[in-house]
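Data first, discussion second: the structure below is written as structure tokens.
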Amino acid sequence: MRNESIGDWLDDLASSKATPGGGAAAALSAATGAALVEMVTNLTIGKRKYAEYEETMRDVRDEATRARARALELAREDEAAFDKVMAAYGLPKDSEDAARARTAAIQAALVDAAEAPLRIAEVAAHIIALSERMLEGANVNLISDITVAVESANAALRSAQANVDINLASMKDAAQRDEIAARLQEHLAAVSRGEQVTATISARVNGG
Numbered sequence: 096m097r098n099e100s101i102g103d104w105l106d107d108l109a110s111s112k113a114t115p116g117g118g119a120a121a122a123l124s125a126a127t128g129a130a131l132v133e134m135v136t137n138l139t140i141g142k143r144k145y146a147e148y149e150e151t152m153r154d155v156r157d158e159a160t161r162a163r164a165r166a167l168e169l170a171r172e173d174e175a176a177f178d179k180v181m182a183a184y185g186l187p188k189d190s191e192d193a194a195r196a197r198t199a200a201i202q203a204a205l206v207d208a209a210e211a212p213l214r215i216a217e218v219a220a221h222i223i224a225l226s227e228r229m230l231e232g233a234n235v236n237l238i239s240d241i242t243v244a245v246e247s248a249n250a251a252l253r254s255a256q257a258n259v260d261i262n263l264a265s266m267k268d269a270a271q272r273d274e275i276a277a278r279l280q281e282h283l284a285a286v287s288r289g290e291q292v293t294a295t296i297s298a299r300v301n302g303g
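Under our numbering, think of the first position of the sequence shown as 96, with each following residue one higher.
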């Protein structure tokens, strides 16, 4: 993904190939949110008006840079995990032993396939937290870009949720399902934080 043009990647996404798919699209949304956080900090750093927030902006920028790189890695991991699920479903089931091996392979692959979007959700939640952290000292001319960063991260978070849920639905191990679902809920708590950030921005823009 990193070395492709956006147009080429979208052509792949639109094609009849199974990957890239929704998981990779979620990761790209997270990376977009992170990049916007970086942009706002870069256009705030070095300006005398915001000098007292310089250290915070630099810290947020560096964390956002790492988050963007991680999101792109996770796009590849999600594709690889989905390919493993498809391979597992393609295993033979023409004997009892083969059927049991196939079922075990599918269940293991489903766990891996849930992990990638779960990590995307984690990155997206972190981007929302970074947006919240930088809001007070950000360049006032760019606060609408913070809204877009939050909404991009929120789209990634909700999209990742959908991809986790579809894998959970096919898992047979209830304890494993519950553990993954609980981790997902921790990340989804960021949605309300993002709503508070965008509400604050809206109030500022509209003079509230």
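Glycine residues also receive a C-beta, built at the ideal position from the N, C-alpha and C atoms.
CA-to-CA distance, residue 141 to residue 264, given in whole angstroms: Reading the sequence shown from its first residue, position 169 is the one you call residue 264. Reading the sequence shown from its first residue, position 46 is the one you call residue 141. Near 50 Å, if we compare the C-alpha coordinates of residue 141 and residue 264.
Assuming residue 166 contacts residue 209 (C-beta within less than 8 Å), just tell me the rounded distance between them. As a working note, residue 166 is residue 71 in the sequence shown. As a working note, residue 209 is residue 114 in the sequence shown. At roughly 17 Å, the Cβ-Cβ gap does not stay under 8 Å, so residue 166 and residue 209 are not in contact.
Please report how far the alpha carbon of residue 250 lies from the alpha carbon of residue 187, in whole angstroms. As a first step, residue 250 is located in the sequence shown; it is residue number 155 there, counting from the start. As a first step, residue 187 is located in the sequence shown; it is residue number 92 there, counting from the start. In this structure, the alpha-carbon of residue 250 lies about 38 Å from that of residue 187.
Does residue 101 pass the burial test, meaning 16 or more other C-beta atoms within 10 Å, or should it be called exposed? Taking the first residue of the sequence shown as 1, we reach residue 101 at position 6. Exposed, since its Cβ has fewer than 16 Cβ neighbours within 10 Å.
Which residue's Cα is closest to the Cα of residue 183: 274, 269, 164, 207? Mapped onto the sequence shown, residue 183 falls at position 88. Cα-wise, what sits closest to residue 183 is 207.
Which value, in whole angstroms, describes the spacing of the CA atoms of residue 163 and residue 299? As a position in the sequence shown, residue 163 is number 68, starting the count at 1. As a position in the sequence shown, residue 299 is number 204, starting the count at 1. Spanning the two alpha carbons is a distance of roughly 28 Å.
Which of helix, strand or coil DSSP assigns to residue 297: Within the sequence shown, numbered from 1, the residue matching residue 297 stands at position 202. Note: residue 297 maps to helix in three-state DSSP.
Does the Cβ of residue 254 have 16 or more other Cβ atoms within 10 Å, making it buried, or fewer, making it exposed? Residue 254 sits at position 159 when you count from the first residue of the sequence shown. Buried, because 16 or more other Cβ atoms sit within 10 Å of the Cβ of residue 254.
Who are the near neighbours of residue 156 in its chain, counting only those whose CB is closer than 8 Å to its CB and skipping five residues on each side? Looking up residue 156 in the sequence shown gives position 61. Cβ neighbours of residue 156 beyond the five flanking positions: 132, 133, 136, 137, 140.
For residue 302, count neighbouring C-beta atoms within 10 Å of its own C-beta (all shown protein chains included) and say buried if the count is 16 or more, exposed if not. Position 207 of the sequence shown holds residue 302. Flag for residue 302 reads exposed.
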